[in-house]
Amino acid sequence: MTRIAIVEGDGIGHEVIPVAHQALELLHPEYDYFPVDVGYGRWEQTGCPCADADIAALKTADAVLFGAVTTPPMRDYQSVVLRIRKALDLYANLRPVKSDGFDILIVRENTEGMYSGIEEIGPDRATTLRVVSRTGTERIVRAAIRCAGQRRGKLTIGHKANVLKSDVFFRDICIAEAQNAGVEYNDKYIDALGLDILQHPGAYDVVVTTNIFGDIISDVSSYLVGGLGLVPSANIGDRYALFEPVHGSAPDIAGKNIANPIAALRSAAMLLAHIGDQEGAERIESAIGTVISSGILTRDIGGSAGTWEFGEAVLKALGNCPVGR
Ligand code: NAD
Ligand code: IPM
Ligand code: MN
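In my numbering, the protein residues as written are 1445 to 1769.
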């Protein structure tokens, strides 16, 4: 039996994930869905944001649908989502940014770089060690090359090798792997890439980069498609997989029923594609398209529909599709 862990997390995770969960239930009532309660809210209630047992529970799932967790800028707080990515070794963070005229896949290294966790705050100085390993770089660039092979076959390497020796290392390995695989590639400094992606989005296919650069460039690129409410992601490892919107818990709009559930729905679609139901994934995408074309839009993209109103319209469109079951 296919088991799907549902993690709402915090903030608008409680609003957008139920919509995406319902879409999955509608397409696959036969799956076993089980909740895992982690996040900042859990920490406030119990002093523990994520227990070892929660990680163990996530590992029993075929895939995880994840909302977002609040990660406050506190000295002693470990981000739940970072802990999960590391514990499940979800090294490839795939963030598609796609619309008319462009189709970009950002492939973000997800386990090291500036997120090594090797850091300390002293009285007069704080340090974070940026770790770029050969194994970590080889596996992310190979994942990016595999993605490029299933798409338009073009790889862009984003880095800051003019300043960071760790990125000279990253860039060299990426280029060697690209040459070895015979894939078309170019490389760009990440700051220039940030602007060029906005100016010439059609010039990009797969963009591979280190952890924090991928974090920033994916939020920036979301501007191309109408903002963070629309961009999904997949966190993939060799054994486990987790699907989540690129956005966070959005405390500024949480609890108001105005969050856009498209990123969560698209994450559910990526989840289905990953576990082998490409048709279900396409049905979710096309239901979103139907609802948008009918003029039902949430506030962030110029409409006035609430999260649930939009979600119900998508569920209705899904239900109306010719179904095999
Ligand atoms: P955010 O992505 O939560 O929000 C940024 C802006 O985008 C806000 O104005 C928000 O209202 C808007 N927005 C985000 N999602 C939206 C949606 N679905 N519909 C409409 N508008 C949307 O980023 P932030 O405000 O910088 O961070 C808030 C919290 O979330 C922080 O604690 C941060 O650490 C955390 N965070 C978690 C994740 C994750 O769990 N994967 C990702 C990003 C941020
Ligand atoms: C993301 C988020 C996380 C990250 C934070 C909340 C730890 O911004 O998923 O993009 O930096 O990876
Ligand atoms: Mn981010």
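Don't be surprised by glycine CBs; every beta carbon is placed ideally from N, CA and C.
Predicted model only: the values in this text are computed from it and were never measured.
Identity of the residues DSSP links to residue 1478 by a beta bridge: 1449
Is residue 1534 near ligand 4, going by C-beta to nearest heavy atom under 7 Å? Looking at this structure, you won't find ligand 4 anywhere; what it does contain is ligand 1, ligand 2 and ligand 3.
Are there any heavy atoms of ligand 2 lying less than 7 Å away from the beta-carbon of residue 1576, as far as the coordinates show? no
Can you tell me whether residue 1707 sits near ligand 1, meaning its C-beta is under 7 Å from at least one heavy atom of the ligand? yes
On the three-pair Cβ rule with 8 Å, is the stretch 1664–1671 touching the stretch 1560–1576? no
Contact between the stretch 1453–1464 and the stretch 1479–1491: three or more CB pairs below 8 Å? yes
Nearest-angstrom Cα separation, counted from residue 1692 out to residue 1491: 21 Å
For residue 1699 and residue 1727, what's the separation of their Cα atoms in angstroms? 28 Å
Cβ-heavy atom distance between residue 1456 and ligand 1 below 7 Å? yes
Would you call the CB atoms of residue 1674 and residue 1471 closer than 8 Å? no
Is the beta carbon of residue 1705 less than 8 Å from the beta carbon of residue 1464? yes
Return helix, strand or coil for residue 1540, following the three-state DSSP convention. strand
Cα-Cα, which of 1689, 1595, 1633 is closest to residue 1611? 1633
Going by the C-beta, is residue 1690 closer than 7 Å to any heavy atom of ligand 3? yes
Is it a yes or a no for the stretch 1514–1532 touching the stretch 1540–1552, going by three-plus beta-carbon pairs under 8 Å? no
Kindly confirm or deny that the stretch 1639–1651 and the stretch 1573–1581 touch, where touching means at least three C-beta pairs closer than 8 Å. no
Buried or exposed by the 16-neighbour rule on C-beta atoms within 10 Å, applied to residue 1493: buried
Kindly identify the DSSP beta-bridge partner or partners of residue 1650. 1549, 1599
CB of residue 1504 within 8 Å of CB of residue 1447, strictly: yes
If you draw a straight line from the alpha carbon of residue 1769 to that of residue 1495, how long is it in whole angstroms? Any answer about residue 1769 is weak, because its pLDDT of 39 lies below 50 and its placement is not dependable; what the coordinates show is given next. About 38 Å.
Could you say which of 1741, 1618, 1609 lies nearest to residue 1777 if we only look at CA atoms? Given that the chain is displayed from residue 1445 to residue 1769, the structure contains no residue 1777 and the question cannot be resolved.
Counting C-beta neighbours from all protein chains within 10 Å, is the total for residue 1737 16 or more, i.e. buried, or is it exposed? exposed
Ranges of the beta strand (DSSP E) found wholly within the stretch 1450–1528, counting only runs of at least 3: 1476–1479, 1507–1512
Cα-Cα, which of 1479, 1542, 1682, 1553 is closest to residue 1502? 1479
Ligand 2 heavy atom lying under 7 Å from the CB of residue 1666: no
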